[in-house]
Structure formats: structure tokens, C-alpha cells
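Let me begin by presenting the structure, written as C-alpha cells, before commenting on it.
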Amino acid sequence: MNPLKFIRTFLTLSALMVVSQPLQAQNPDQPSTSIQPTPAERDGQHDFDFEIGTWKTHLRRLLHPLTSSTTWAEYEGTTFVRKVWNGRANLLVLEVDGPKGHIEALSLRLYNPQSHQWSLTFANSQGGTLSQPTIGGFKDGRGEFFDQEMLHGRAILVRFVISDITANSAHFEQSFSDDGGKTWEVNWIASDTRVKDEPDQAHETPLHFQPRIARLRND
């Protein structure tokens with residue numbers, strides 16, 4: 767066969783094979799069906815709205831955590847929670863009394879819209895500084911927040927849980943772990959019951975609101 771005729775025949779057959787294939791051109795703006803879209807992260811900036819208002823608080827505190835002690839102290843008092851930045855932050859002030867003395871506590875909660883998480887910091891009137899934050903969020907009506915701290919020269923994990931949330935009640939627990947989270951010892955239990963529902967405008971923290979600083983942690 768003539769070489770030129772052979773080349774023409776080959777190119778003709780190749781062109782016919784290309785035309786016979788189904789067109790599979792894809793819109794460059796349309797993602798491949800094999801790639802699943804990432805679910806939108808939950809916006810939790812109003813997770814603490816349930817707590818805005820005034821509460822009656824019953825508190826139990828383990829006096830000597832992570833020492834095998836079983837000695838608890840009980841307190842009764844009031845918790846006030848004020849909305850800041852339309853719910854993206856809030857300020858809690860706790861004041862309770864019991865046989866072991868008087869506790870005043872302050873907690874500042876801040877929402878991070880980038881990480882979709884909350885940070886909870888605490889303060890003590892004796893120390894006068896904010897603690898490092900516990901970080902976390904809410905899922906299915908339960909809030910869990912964690913951090914790592916030092917206690918008696920040892921690194922421990924801290925877990926703060928908010929559960930049993932209703933319109934008029936909530937339960938709070940703080941636990942420590944000195945074995946990397948394998949076991950947890952509860953050392954702070956607070957049960958809140960709503961006693962007063964204030965107008966929405968009263969939930970915003972006024973500029974002159976300057977509570978005495980304290981801390982929700984065991985010294």
C-alpha cells in the first residue's frame with residue numbers, strides 16, 4: 767500500500783473513532799459528582815441565650831479534688847447572666863453562701879465565629895486575673911468545654927459540661943482528670959432554677975455594671 771494512502775486512511779479512521787465517542791465535556795464551573803460538598807458548620811452564637819436572666823443556684827463543691835477526698839461543701843445563692851453583643855458573648859455573676867464561706871464568681875463567655883466555638887473564662891477576686899479558657903460548644907442540647915491546666919504541680923485536663931437544659935433549669939458540672947481523660951472526677955456541681963424573667967433590654971450588660979471578680983474553680 768502506498769504510504770501516503772495508508773496515512774490518510776489511518777487519520778480518517780481515527781477521526782471517525784473520536785466522533786463516535788459520547789461527548790463528556792464538563793462545565794468547568796460545575797463540581798465533579800465524585801466530590802461531596804462540605805456541610806455548613808453550625809452557627810452557635812446564640813447557644814447561651816437560654817441562660818439569660820436570673821437564677822436560684824444550688825452548688826456543691828469538692829474541697830480537695832484529685833486527692834481521694836470525698837468532702838463536699840454546699841452553697842445556696844443566685845446567678846445572674848447578662849447578654850453582650852446580642853448574644854455573641856455573655857457575662858455570668860454567681861454569688862452563693864454556705865457553711866464553708868462565701869463565693870462570688872464571674873464567667874465571661876465569648877463566641878468565635880471562625881472556629882464556631884465558645885471560650886469560657888473565669889476569675890477570682892483573690893487572684894484578680896482571668897483563667898485560661900475552656901473551649902468547646904453545644905451539640906444536641908449539651909455543652910462540653912475542655913482545657914489543660916496545672917494543679918499541685920501536675921498537668922490535668924478540665925472538662926465543663928452544661929446539660930439538662932430547659933427554659934427554667936440547667937445543670938453544670940466541672941471535672942478534673944489526671945490520667946489523660948481516661949477517668950474524670952467531678953468537683954463542682956451547680957443546679958440552676960429560673961426565678962425571674964427580666965425584659966430583653968435588661969439582659970444587655972449596662973456600662974456601669976461592675977461586679978466583684980471571683981472564680982468558679984477550686985483553689
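When we follow the working numbering, the leftmost residue of the sequence shown carries the number 767, and every step to the right adds one.
We treat Cβ as the ideally placed atom computed from N, Cα and C, and that holds for glycine.
A quick note: this is a predicted structure, and the numbers were derived from the prediction, not measured.
Item: Mind the definition here: the region 918-932 touches the region 846-858 only if three or more C-beta pairs lie below 8 angstroms; say whether that holds.; Value: no
Item: Quickly, what does DSSP pair Thr-949 with across the bridge? List them, please.; Value: For Thr-949, which the question treats as bridged, DSSP gives no partner whatsoever.
Item: According to DSSP, simplified to helix, strand and coil, what is Glu-840?; Value: strand
Item: From Arg-875 to Ile-901, what distance separates their C-alpha atoms?; Value: 10 angstroms
Item: Return the CA-CA distance between Ser-873 and Gln-940, expressed in angstroms with no decimal places.; Value: 14 angstroms
Item: Decide yes or no for the touch test of the region 828-840 against the region 951-959: beta carbon pairs closer than 8 angstroms, at least 3 of them.; Value: yes
Item: Leaving out five residues on either side along the sequence, give the residues of the same chain with a beta carbon under 7 angstroms from the beta carbon of Phe-904.; Value: Gly-810, Asp-813
Item: With Glu-951 and Phe-938 assumed to form a contact (beta carbons below 8 angstroms), what rounded beta-carbon distance in angstroms separates them?; Value: In fact, because the Cβ distance is near 16 angstroms, the residues do not count as touching under 8 angstroms.
Item: Return the Cβ separation of Pro-899 and Ser-885 in integer angstroms, given the expectation that the two are a contact with Cβ distance under 8 angstroms.; Value: 4 angstroms
Item: Please confirm whether His-824 and Glu-842 have their CB atoms less than 8 angstroms apart.; Value: yes
Item: How many Å lie between Gly-894 and Val-859 at the Cα?; Value: 15 angstroms
Item: Taking the beta carbon of Val-862 as the centre, do at least 16 other beta carbons fall within 10 Å, making it buried, or is it exposed?; Value: buried
Item: Below 8 angstroms between beta carbons: does that hold for Thr-959 and Lys-822?; Value: yes
Item: Let me know if Gly-819 comes out buried or exposed under the rule of 16 or more other beta-carbons within 10 Å of its beta-carbon.; Value: buried
Item: Buried or exposed for Ala-936, going by 16 or more other Cβ atoms inside 10 Å?; Value: buried
Item: Note down the Cα distance separating Ser-834 from Leu-828, rounded to an integer number of angstroms.; Value: 10 angstroms
Item: Would Glu-817 be called buried (16 or more neighbouring beta carbons within 10 Å of its own) or exposed?; Value: buried
Item: Leaving aside the five residues before and after Gln-914 along the sequence, list all residues of the same chain whose C-beta is less than 8 angstroms from its C-beta, in chain order.; Value: Ala-921, Ile-922, Leu-923, Val-924
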